[in-house]
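Written below as structure tokens is the structure these notes are about.
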């Protein structure tokens, strides 16, 4: 067998004609591909100096990004810019907005109607004294009502949370899967997703309950008599809060919510009720004070209706603001007209 070594074969056989090899280029060549692609050609072509390139840890936007001023803008940046624009107001706590609306609405309507009704008696002093007495008593009454309402809401949530956790503790996983599937079905999620969600939430709640943060064992015949006597809270994660929020539409209520609600409603009622009484403190004649009270309260009701529409997230159109302002003015005007008519009717009957 002949030797395959090149040196041996060259000494024994006639060498073949040499073929020149291509010289290796150390510069950048477009014809020689890289081992792996470092930057997509479209990204490299479109990128400008100073434009950051998305890394593998932060996936690129799956939508067609908008290019502005030579740089790519993701949909997240567009959404953040739209949320911070003037057409999208920054919302305050909806509970606080609700309490302010309740207090101001009653404060601008009830004292205004009362003062308009008391003008039939012909004395501004009676209107002012009666109006201030109604303001103080009304503010206290409205504040106490807000406190009791928030406290009842908190007690209802705690009671519902306790019963829901007890039901979760004594139910099998298959029953919980059916409940989760019934909740997720309107959102377009199938049984396979509901099964995974139920299993995950059950494990989370079991882990939290085992640490002592949740409720004890479910109610049995041995401890049924003591049900509701313990002041303990439900788990913050797991099936129980999931069923409470999405199944029953309940949210946890802060213990300070009752005090905040009472103060907000009471102060709003008092401040709103002072507006229709100011003209009676300035003008001595009842007729002039009544006209001034109607004008001032009407303007405040219009402004209040527009501001309320703004902070409740309504449409930012002229028609929407106009309707909100006029509807608020109409409610106050109807209440005042009804009260004034009743007092005039009683006075005329006597």
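In the UniProt record's numbering, the protein residues as written are 1 to 350.
Don't be surprised by glycine CBs; every beta carbon is placed ideally from N, CA and C.
What you are looking at is a predicted structure, and each value in this text was computed from that prediction instead of being measured.
Taking each of 139, 285, 179 in turn and checking the Cα distance to residue 99, the smallest one comes out for 139.
With respect to the 8 Å criterion, residue 280 and residue 115 are classified as neighbours on the basis of their beta carbons. In this structure, the CA atom of residue 183 is about 29 Å from the CA atom of residue 76.
Non-local C-beta neighbours of residue 301 in its own chain, meaning closer than 7 Å and more than five positions away in sequence, comprise 108, 328, 329, 332, ordered along the chain. Taking residue 285 as the centre and dropping the five residues before and after it, the same chain places the C-beta of 124 closer than 8 Å to its C-beta, in chain order. The alpha-carbon separation between residue 133 and residue 303 amounts to approximately 26 Å. Residue nearest to residue 309 within the set 324, 142, 296 is 324 (criterion: CA-CA distance).
DSSP places residue 206 in the helix class (H, G or I) of the three-state scheme. In this structure, residue 336 sits near residue 113, with a CB-CB distance shorter than 8 Å. Out of 152, 282, 186, 243, the CA that lies nearest to the CA of residue 176 is found in 243. Residue range 94 to 118 is occupied by the alpha helix (DSSP H) that includes residue 95. Rounded to whole angstroms, residue 252 and residue 186 show a C-alpha spacing of 24 Å. Between the alpha carbons of residue 188 and residue 164 lies a gap of roughly 25 Å.
For residue 310, the uninterrupted alpha helix (DSSP H) run begins and ends at 286 to 311, by DSSP.
Non-local beta-carbon contacts of residue 264 in its own chain, meaning distances under 8 Å to residues more than five positions away in sequence, involve 96, 99, 100, 103, 146 in chain order. Taken atom to atom, the span from the alpha-carbon of residue 170 to that of residue 274 is near 56 Å. One thing to note: residue 201 has its Cβ within 8 Å of the Cβ of residue 239.
Taking C-alpha positions only, residue 340 is separated from residue 247 by approximately 48 Å.
Contact check for residue 258 and residue 150: beta-carbon distance about 4 Å, within the 8 Å limit, so the pair qualifies. Taking the Cα positions, residue 121 is about 16 Å away from residue 293.
In this structure, residue 180 places its C-beta atom within 8 Å of the C-beta atom of residue 194.
Rounded to the nearest angstrom, the Cβ distance from residue 143 to residue 262 is 4 Å, consistent with a contact under 8 Å. It is roughly 50 Å from the alpha-carbon of residue 338 to the alpha-carbon of residue 236. DSSP places residue 271 inside the alpha helix (DSSP H), whose first and last residues are 257 to 282. Residues 302, 305 of the same chain have their beta carbon placed closer than 8 Å to that of residue 326, with the five preceding and five following residues left out of the count.
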